[in-house]
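Undergrad:
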Ligand SMILES: [Fe+2]
Ligand SMILES: [Fe+2]
């Protein structure tokens, strides 16, 4: 990959990896153990009251499109299954890290998650809940930048404001890599599956030949529409143009965008009222 040396140079400056909390790590270990069932994992989460509360808060934040409230971890396990549960755990931990590190990024991320879910359902993509989680996590590289690379973060913000650049263009100009590379690197360290990590890596650099291109296209478009809906703050005030190859990969034309945005708008009313604290 052409950006790899820049990325290696950048991550070598990170002394300590942004860590998942101990209780999440313990449950990840349980998930990896042989013979573990979704029920066993559900019971372990349910025993941890703080973690259960966080998981249920996220499940009920609308990003999985559930229309009735999910009242218990056991219910969440049945609805989501084992695969989605692993990503949900990381998403739960990441939601509070994103919210505290980068004001405005969590509402933008949740908006992107909901739109990714709508897109996945409309276009019949596999595992819409995993794509929704990718939407929640897509800009987590900005959290890494804000919390672990303060000098680089200041330089990026300066370039955004002084040159009116998109955040990703300011990153490329000042560091040679973007938050998409940094986020994909972190999520791979956190052992998220490739179908979640690869679309995040490509969400600003769509490549029709890259792995999971259709999911990357959905995430690319969901991010742009989330910006157009104007919820939260992704760190700049410009809206990039959708890559026509991404629209083609999804089978979406420009006339489809307006009804898509209308559907998203109807599902974002709570976020417009500012009710999206992580
Ligand atoms: Fe991004
Ligand atoms: Fe974004």
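In the numbering used here, the protein residues as written are 1 to 278. For each residue, glycine too, the CB sits at the ideal point set by N, CA and C.
For residue 149, which of 86, 178, 132, 123 has the nearest alpha-carbon?
TA: Measuring from the Cα of residue 149, the nearest candidate turns out to be 178.
Undergrad: Using three-state DSSP, classify residue 77 as helix, strand or coil.
TA: In this structure, residue 77 counts as helix in the three-state DSSP scheme.
Undergrad: Output needed for residue 231: all residues of its chain with C-beta closer than 7 Å, excluding positions within five of it in sequence on either side, in chain order.
TA: Excluding positions up to five away in sequence, the list reads 107, 108, 111, 268, 271, 272.
Undergrad: Say yes only if the C-beta of residue 181 is nearer than 8 Å to one or more non-hydrogen atoms of ligand 1, and no if none qualify.
TA: False, no ligand heavy atom lies under 8 Å from that Cβ.
Undergrad: Please tell me whether residue 83 and residue 114 are closer than 9 Å, where the distance is taken between their beta carbons.
TA: The answer is no: Cβ separation not under 9 Å.
Undergrad: Mind listing, in chain order, the residues whose beta carbon lies closer than 6 Å to a non-hydrogen atom of ligand 2?
TA: Matched residues: 108, 112, 138, 139, 223, 234.
Undergrad: Check residue 127 in the structure and name its three-state DSSP category.
TA: Note: residue 127 maps to coil in three-state DSSP.
Undergrad: Thinking C-beta only, is residue 157 closer than 9 Å to residue 235?
TA: Yes, they are a contact pair.
Undergrad: Roughly how many whole angstroms lie between the Cα atoms of residue 30 and residue 160?
TA: Each residue's alpha carbon lies about 43 Å from the other.
Undergrad: Verify the contact flag: residue 157, CB atom, against every heavy atom of ligand 1, threshold strictly below 8 Å.
TA: Incorrect: residue 157 has no Cβ contact closer than 8 Å to ligand 1.
Undergrad: Is DSSP giving residue 33 helix, strand or coil here?
TA: Note: residue 33 maps to coil in three-state DSSP.
Undergrad: Using C-beta distances below 6 Å, list every residue in its chain close to residue 211, excluding the 5 sequence neighbours before and after it, in chain order.
TA: Cβ neighbours of residue 211 beyond the five flanking positions: 198.
Undergrad: My understanding is that residue 181 touches residue 201, with C-beta atoms under 8 Å, so please give their C-beta distance in whole angstroms.
TA: Confirmed, Cβ separation roughly 7 Å.
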